[in-house]
Every structure is written in C-alpha cells, then in structure tokens.
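The structure appears right after this line, and notes come after that.
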Amino acid sequence: MPAERPATRSHADADVAVVHAELHADEAADEAADLTNGDLARVFHEIGDILEVKGEIAFKTIAYHGAADTIGRSPIDLVAAYRAGDPPKVSGVGQAISDKITELVTTGRMLFLEQLRTEVPASLVDLLKIPGLGPKTVRQLHEELGIATMDDLKAAAEGQRIRDVRGLSERTEKLILEGITRLETQPPRRMYLHQAEEHIASLVELLGQVPGVDSIQPAGSYRRRKESIGDLDLLAETANPTALMNRFTDLGTVDHIVARGGHKSAIRMIRGPQVDLMVMPPGTAGTYLIHFTGSKEHNVKLRARARDRGWSLSEHGFLRIGEDGEPLTGADAELRTFATEADAYAFLELPFIEPELREDQGEIEAAQAGTLPPLITKADLRGDCHSHSDWSDGSQPIEVMAEAARRRGYAYQVLTDHSRSLAIANGLTPERVEEERAIIAALNKRFAAEEAAGTAPPETPLEGFRLLHGCELEVRADGELDYDDELLARFDVVVASVHVARRQPRAELTRRTMNAIRSPHVDIVAHPAGRMIQTRDDLDLDWEAVYAAAAANGTALEVNGSPHRLDLSAERARRAVSVGCILTIDSDAHHTRELDDTRWGVAQARRGWVTPADVLNTRSRADLLAWVAAKPDRIGA
DNA sequence: GCCGTTTTCGGCCCGACTGTTTTCAGTCG
Numbered sequence: 003m004p005a006e007r008p009a010t011r012s013h014a015d016a017d018v019a020v021v022h023a024e025l026h027a028d029e030a031a032d033e034a035a036d037l038t039n040g041d042l043a044r045v046f047h048e049i050g051d052i053l054e055v056k057g058e059i060a061f062k063t064i065a066y067h068g069a070a071d072t073i074g075r076s077p078i079d080l081v082a083a084y085r086a087g088d089p090p091k092v093s094g095v096g097q098a099i100s101d102k103i104t105e106l107v108t109t110g111r112m113l114f115l116e117q118l119r120t121e122v123p124a125s126l127v128d129l130l131k132i133p134g135l136g137p138k139t140v141r142q143l144h145e146e147l148g149i150a151t152m153d154d155l156k157a158a159a160e161g162q163r164i165r166d167v168r169g170l171s172e173r174t175e176k177l178i179l180e181g182i183t184r185l186e187t188q189p190p191r192r193m194y195l196h197q198a199e200e201h202i203a204s205l206v207e208l209l210g211q212v213p214g215v216d217s218i219q220p221a222g223s224y225r226r227r228k229e230s231i232g233d234l235d236l237l238a239e240t241a242n243p244t245a246l247m248n249r250f251t252d253l254g255t256v257d258h259i260v261a262r263g264g265h266k267s268a269i270r271m272i273r274g275p276q277v278d279l280m281v282m283p284p285g286t287a288g289t290y291l292i293h294f295t296g297s298k299e300h301n302v303k304l305r306a307r308a309r310d311r312g313w314s315l316s317e318h319g320f321l322r323i324g325e326d327g328e329p330l331t332g333a334d335a336e337l338r339t340f341a342t343e344a345d346a347y348a349f350l351e352l353p354f355i356e357p358e359l360r361e362d363q364g365e366i367e368a369a370q371a372g373t374l375p376p377l378i379t380k381a382d383l384r385g386d387c388h389s390h391s392d393w394s395d396g397s398q399p400i401e402v403m404a405e406a407a408r409r410r411g412y413a414y415q416v417l418t419d420h421s422r423s424l425a426i427a428n429g430l431t432p433e434r435v436e437e438e439r440a441i442i443a444a445l446n447k448r449f450a451a452e453e454a455a456g457t458a459p460p461e462t463p464l465e466g467f468r469l470l471h472g473c474e475l476e477v478r479a480d481g482e483l484d485y486d487d488e489l490l491a492r493f494d495v496v497v498a499s500v501h502v503a504r505r506q507p508r509a510e511l512t513r514r515t516m517n518a519i520r521s522p523h524v525d526i527v528a529h530p531a532g533r534m535i536q537t538r539d540d541l542d543l544d545w546e547a548v549y550a551a552a553a554a555n556g557t558a559l560e561v562n563g564s565p566h567r568l569d570l571s572a573e574r575a576r577r578a579v580s581v582g583c584i585l586t587i588d589s590d591a592h593h594t595r596e597l598d599d600t601r602w603g604v605a606q607a608r609r610g611w612v613t614p615a616d617v618l619n620t621r622s623r624a625d626l627l628a629w630v631a632a633k634p635d636r637i638g639a
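If you want the numbering used here, it's the position in the first sequence, counting the first as 1, plus 2.
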C-alpha cells in the first residue's frame with residue numbers, strides 16, 4: 003500500500019495558519035473565510051508531524067494525522083459548518099481537535115500550533131522528507147548536533163559529523179546526502195491516472211514474462227483509482243520469487259534500488275515513480291490483494307474486525323490469536339489463506355467490497371448491513387454528453403469523432419463545441435452553429451440509412467446511434483449566457499461551464515453557476531469545480547447552494563472523465579447525489595483517443611458510491627431527449 | 001488524542017527491510 007500522504011507537508015505549502023497568525027485579529031476573521039477542509043487537513047497534519055519530531059506518544063500523532071485525513075475527505079464544508087455553530091460529528095475528531103477547529107475558523111489563529119512552531123521549527127519537520135530519516139533520527143540530530151535546517155544537515159554530512167552520532171554511520175551519512183540531492187533535483191510529483199496506467203501496463207508486460215510468474219496485478223491507490231497516484235504497487239503470484247526480483251531490480255528503466263528482499267522490493271524508475279513489488283505464494287492472493295490495495299484506514303478496520311473474531315490479519319492471511327492475545331506460533335500456529343478477496347472478506351462475514359470504496363467512508367458498515375450500492379460500470383453508459391471537434395478546439399473532424407463514438411456501442415454522442423465568446427478555443431458564432439447542425443444532420447441521415455440496411459457497425463445498439471448537437475456554453479464573467487434563448491432552444495443538449503473570471507468572490511461565482519443551473523435551456527453543468535488536478539484550484543463556490551439548485555431545477559452535474567480534471571470529485575459526486583442531484587459522466591474528448599476517458603470518470607463516480615440510476619447518460623437516447631425537453635417544466639418547481 | 005452492544009479506562013493493525021547491531025530499533029508501507 004502506498005503512502006497516502008507525503009511524510010511531511012512542504013514548508014512551501016504555505017498553510018493558512020501562518021498567514022492568519024500574522025494578521026490582526028479583526029482582519030483574520032474575515033480572511034478565514036478562505037479556509038477549506040484541505041487547509042484544516044494541512045494544519046492537523048502539521049501538528050502531527052511536529053508532535054512526531056517532539057517525541058510525543060505515537061497514538062497521539064496518529065490521532066492528529068487520522069483526523070486530518072478524515073477532515074480532508076469530508077464532503078461537508080466543515081469551515082462553514084463550524085462557523086455556523088453547527089459542527090457535524092466527524093470520525094476521529096473528538097473534543098480536543100474540535101475545539102482547535104473552532105478556534106481557527108472563528109479567530110483565524112490556533113495558539114496550540116503557534117506554540118508548537120516555536121518549539122519545533124518548520125525547517126526541522128522538513129527533514130522528514132529525506133527517505134530513511136524518521137522523527138527519532140531527526141530529533142537526535144537536532145539534540146546532538148544542533149541541526150535545524152536542510153542546509154545544516156547537508157553541511158554536517160559533508161563535514162563527516164553525522165558518523166559520530168550513536169546509531170548512525172558513514173553509510174547513513176552517504177544516504178542522507180543522496181537523499182538531499184534527490185530532493186533538490188527530483189521534486190516529488192504525483193501521476194495522473196492515465197500515466198500510472200501506462201507505467202503499469204509496461205511493467206506487467208515485462209515482469210509477466212519471467213518464468214514461473216503466474217500473474218502480475220496492480221494494487222495500491224491505482225487500483226482504488228485515486229485521482230492522483232504517488233507510488234505504484236504490484237503483486238506477483240509466483241513460486242520462483244528470486245528470478246522475478248532479479249528481473250525487477252535489473253530493469254533498464256531503474257534509476258536506483260530503494261529496497262531489495264526475497265519477497266518485497268522497491269525501485270525508483272528513471273524520471274518516474276517508485277514501484278513496489280511484492281511476491282505472494284500461488285493460491286493465497288486474497289489477503290495480499292486486500293493488504294496492498296488498502297486503504298490503510300480500510301485495512302485498520304478490517305484488522306480490528308478480525309481481532310474481534312479471534313484472528314490476526316496480515317497480508318499472509320489470518321492467524322489464530324491465543325489466550326495471551328498474541329497470534330499462536332510454532333506447532334500451534336493456525337494460518338488461514340484465501341485465493342480470492344471475496345473469500346477473505348467472507349471469512350470476516352462481509353460481502354466483497356469494491357476497491358474504489360475502500361477508504362473507510364462507511365463501506366464496511368454498509369457491507370455489514372448489506373447496503374453496499376450497486377456501483378455504476380462503464381458498460382452502463384449508453385452515451386457521452388461532452389466532446390469536441392476541430393470546429394472549436396478539438397483536433398479531429400466531426401465525422402471522425404462520430405464514427406469513433408459509434409464503434410463504442412453508444413446510442414449517442416453529444417458534440418459540444420465551444421460557444422462564441424471563448425475565442426481562445428475558436429468558439430462558434432451563431433452562423434457556424436447552423437453550419438455544424440447541417441453537417442450533423444447529414445451524418446445522422448447516413449447512420450439511419452446504414453442501420454436500416456443492416457450495414458451499420460456491429461457494435462451499434464438496437465436504438466441505433468445518433469450524433470446529438472450540443473454546445474459547451476460559456477457562462478460569461480457577468481453571469482450572462484453566451485447564446486440567446488432562441489438559439490439555445492435549438493440544441494439537442496446544452497452543457498454550460500465557467501472558464502473565465504475564475505477569481506471572482508464566492509458569491510459572484512456562485513451566482514454565475516446558479517444562473518446556468520436555473521436556465522430553462524441548460525441541461526448539464528460541466529466540470530463544476532473548474533479544477534485541474536495539481537495545477538488549478540477549485541472555483542470558490544457555495545457548494546451546498548449549488549447542489550440544492552441543481553437538484554431543484556433538475557440540472558445535471560458532470561463528472562468530467564479527463565484524468566486532468568475528474569470534476570466533480572468523488573466526494574462531491576457522493577454529496578450531490580445524496581441531496582438529490584443527477585449526474586452525467588462524460589469524456590470531454592478533444593480527440594478520439596480521449597473518448598474512453600469516461601472510464602476515469604466512472605471510477606471517480608464509483609468512489610463516490612454512484613449507481614447507474616444516479617447517472618443521466620445510462621438512459622436511452624429517447625429518455626435523455628425527453629428529459630431535456632422537460633427542463634422548462636422543472637424550473638422553479 | 002480518540003473511542004466504546006464486550007470498555008468512560010485502557011486499549012489503539014501488522015510485517016518486511018535496513019542498518020547498526022550482537023538481539024533490535026527505526027522506517028516504511
């Protein structure tokens with residue numbers, strides 16, 4: 003299972019509490035309006051990091067990190083809830099942490115954190131980023147050599163002073179220097195899902211050829227389809243681990259070997275991710291897959307459940323626990339292994355839990371109660387509501403996009419070239435909209451004829467395939483829509499989105515988004531948060547108001563499948579559905595090879611507990627068009 | 001610091017690999 007967070011927050015993460023601490027108290031309260039769940043999570047991770055270096059008992063630091071993780075993933079805007087005086091119950095957040103949140107969101111400061119920072123400088127916490135350097139060693143270096151910064155550490159290593167510290171050696175000194183160099187030259191960056199997929203495909207291909215290897219399977223956060231991926235995890239079923247490990251650490255793409263053992267090795271790829279490879283004896287994959295797929299939090303709950311039933315769970319299987327509370331060993335040892343995950347879950351009296359759900363977000367409780375949702379699959383999609391051609395900023399002709407969609411077995415593809423004002427994307431004037439409509443009509447005439455003649459592609463569904471005429475309608479900076487009502491009424495489907503003036507205040511951005519949601523002509527709001535993963539932040543919206551308006555007006559919210567967007571996020575999709583919204587899952591393809599990006603959107607929707615009934619484009623073309631036609635009746639309902 | 005149809009106190013998941021050690025602590029996932 004890969005690390006779910008970096009060993010420590012970067013100092014450059016510029017968390018909010020620093021900023022606020024420097025403000026006057028009266029200004030701070032206003033400024034705190036910009037706080038997000040993510041900011042709270044960073045603050046509590048920082049507290050956990052500092053307490054580690056201070057040498058606080060492990061369970062306390064675990065508690066802070068655990069609370070930070072839960073807060074970061076919460077679908078509810080905790081800052082707003084706390085400020086409204088209505089703190090919701092959040093797992094892992096007890097009285098002490100709750101009080102600290104209240105203090106931060108109401109005053110903009112947290113005295114506890116400020117105190118900690120005076121005791122342990124951030125530069126010291128930074129040292130945890132060096133591979134192999136943990137809190138104990140960092141504290142030791144600080145106490146014995148007075149090292150407080152990365153520069154101090156580098157100087158000490160170069161001056162050969164590290165080797166004089168008890169428990170450290172000349173070799174450690176060398177490893178520290180290498181670690182610093184690597185940090186300076188290779189800033190850690192997470193992969194997009196499609197990049198992880200490419201790495202995994204080639205590794206599986208290469209390692210699968212090693213004699214004796216029965217299977218190679220990806221695990222970790224990639225298997226759970228997290229929206230970005232740090233390390234890669236591979237599991238191999240083989241009776242000959244040595245040959246496999248030799249091949250793995252000998253790959254031409256290996257930059258250096260991180261660790262090497264008989265059953266577990268790790269490499270760093272050249273200009274690429276760290277890859278962990280674990281060996282499992284043939285026929286025992288069940289508990290190995292569960293262990294290395296994670297998440298950590300999911301596994302912790304499973305182990306507690308095993309323990310309640312008298313078993314200790316590890317990747318190797320279940321070990322019977324003796325009267326002393328320890329697993330039985332030697333002749334008394336009793337190990338239960340399982341070939342499949344489903345069998346291992348069944349041993350814990352649980353149904354199989356899909357990897358995308360394993361985040362300890364209620365899935366174990368739902369499994370226990372028999373209420374796991376029937377998750378949507380890519381096969382449920384009967385069409386795609388968002389795509390582009392070279393008439394705006396796509397790279398291929400309308401016909402090529404349509405043919406590619408038709409061969410995917412869809413009943414419809416909605417062509418949604420950009421509207422007029424998005425000049426950078428060659429947005430269509432009303433005149434060009436008419437021309438495009440004529441081309442689409444001609445194409446559909448041909449498709450219908452081929453279907454009647456039985457010469458359509460074999461993938462064509464019974465209801466046939468049609469290219470629907472849509473647009474990606476710009477919501478302008480002033481909130482006005484980019485085409486007039488008369489033109490909008492003539493599209494089959496209208497997808498609206500915000501691309502410009504992204505830095506407006508929350509109230510203004512929310513008003514613009516609501517304007518689209520409430521239009522009788524707008525059917526879908528595309529990539530509602532406007533984010534780009536790792537590069538562009540979310541729009542600052544009043545999300546609860548957006549969900550409520552979308553639900554009330556029957557406007558769909560998109561889960562955009564582009565691996566750079568994945569927007570709505572899994573958490574938001576889950577929240578939106580829970581308050582009555584309907585979703586679409588679209589590719590936003592600008593090229594035929596991106597049409598299958600819907601699979602990433604489906605994966606995020608699955609992470610958000612979304613079922614086929616929650617998604618508009620699981621419906622037939624007739625039902626989709628009927629739903630669109632009924633939009634004016636839903637307004638103000 | 002959190003948490004509780006076995007507990008409001010006493011637990012809190014588990015093992016491999018590494019490095020510096022002579023039996024183990026630290027780190028990592």
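Built from N, CA and C at the ideal position, the CB exists for glycine as well.
Across which residues does DSSP place residue i in a beta bridge pair?
| i | result |
| --- | --- |
| Asp386 | Gln415 |
| Arg262 | Ser267 |
| Pro220 | Leu236 |
| Asn562 | Asp569, Asp588 |
| Leu337 | Leu321 |
| Glu430 | Note that residue 430 is Leu in the sequence shown, not Glu. Ser421, per the DSSP bridge assignment. |
| Met193 | Ile231 |
| Val215 | Thr240 |
| Val617 | Leu585 |
When you compare each of the options to residue i by their alpha carbons, which one comes out closest?
| i | options | result |
| --- | --- | --- |
| Gly411 | Leu291, Ala425, Thr613, Ala458 | Ala458 |
| Thr339 | Gln363, Arg609, Ser314 | Ser314 |
| Glu229 | Leu568, Gly556, Ala528, Gly385 | Leu568 |
| Glu351 | Leu304, Ser394, Asp51, Gly324 | Leu304 |
| Thr38 | Ile78, Thr613, Ile64 | Ile78 |
| Met534 | Ala550, Lys156, His501 | His501 |
| Lys226 | Ala628, Ala554, Gly610 | A small fix is needed here, since residue 226 is Arg in this sequence, not Lys. Answer by Cα proximity: Gly610. |
| Ser391 | Ile269, Glu207, Arg141, Ile441 | Ile441 |
| Phe493 | Gly481, Gly254, Ser580, Glu437 | Glu437 |
| Gly94 | Glu186, Glu299, Gly429, Ile218 | Glu299 |
| His592 | Asp166, His388, Gly319 | His388 |
| Pro432 | Leu627, Ser394, Leu143 | Ser394 |
| Pro634 | Arg595, Ile519, Asn619 | Ile519 |
| Thr63 | Phe46, Thr72, Gly74 | Phe46 |
| Asp41 | Pro283, Asp71, Glu116, Ala454 | Asp71 |
Indicate the three-state DSSP secondary structure (helix, strand or coil) for residue i in the structure shown.
| i | result |
| --- | --- |
| Glu356 | coil |
| His144 | helix |
| Gly231 | Reading the sequence as shown, one finds Ile at residue 231 and not Gly. Here Ile231 sits in strand by DSSP. |
| Ile149 | coil |
| Leu543 | coil |
| Pro329 | strand |
| Arg538 | strand |
| Val524 | coil |
| Val92 | coil |
| Arg165 | helix |
| Val579 | helix |
| Thr379 | coil |
| Thr557 | coil |
| Ala632 | coil |
| Gln97 | helix |
| Glu29 | Any reading at Glu29 needs caution, since the residue's pLDDT is 41, under 50, leaving its predicted position unreliable; the model's value is listed next. Helix. |
| Gln606 | helix |
Checklist entry - Okay, do the segment 163-183 and the segment 127-135 touch, 3+ Cβ pairs below 8 Å being the bar? => result yes
Checklist entry - So, do the segment 372-379 and the segment 347-360 have three or more beta carbon pairs nearer to each other than 8 Å? => result yes
Item to check | Unbroken stretches of the alpha helix (DSSP H), 4 residues or longer, contained in the segment 442-500 | outcome: 487-490
Item to check | beta strand (DSSP E) runs contained entirely in the segment 240-322, provided each spans 3 or more residues | outcome: 256-262, 266-271, 276-282, 313-316, 319-322
Checklist entry - Unbroken alpha helix (DSSP H) runs of length 4 or more, entirely within the segment 100-140: which are they? => result 113-121, 124-128
Item to check | Any 3 or more C-beta pairs closer than 8 Å across the segment 44-55 and the segment 137-149 | outcome: yes
Checklist entry - Counting Cβ pairs closer than 8 Å, one from the segment 508-527 and one from the segment 551-565, do we hit at least three? => result yes
Checklist entry - Do the segment 463-473 and the segment 410-429 meet, that is, are 3 or more Cβ pairs less than 8 Å apart? => result Touching, per the Cβ criterion.
Checklist entry - Three or more C-beta pairs closer than 8 Å, one from the segment 69-88 and one from the segment 142-158: is that the case here? => result no
Next on the checklist: Quick test of the definition: if touching needs 3 or more C-beta pairs under 8 Å, does the segment 510-520 touch the segment 539-546?
Outcome noted: yes
Checklist entry - Would you call the segment 228-242 and the segment 252-259 in contact, with 3 or more CB pairs under 8 Å? => result no
Checklist entry - Would you call the segment 269-286 and the segment 184-204 in contact, with 3 or more CB pairs under 8 Å? => result Enough Cβ pairs lie closer than 8 Å, so yes.
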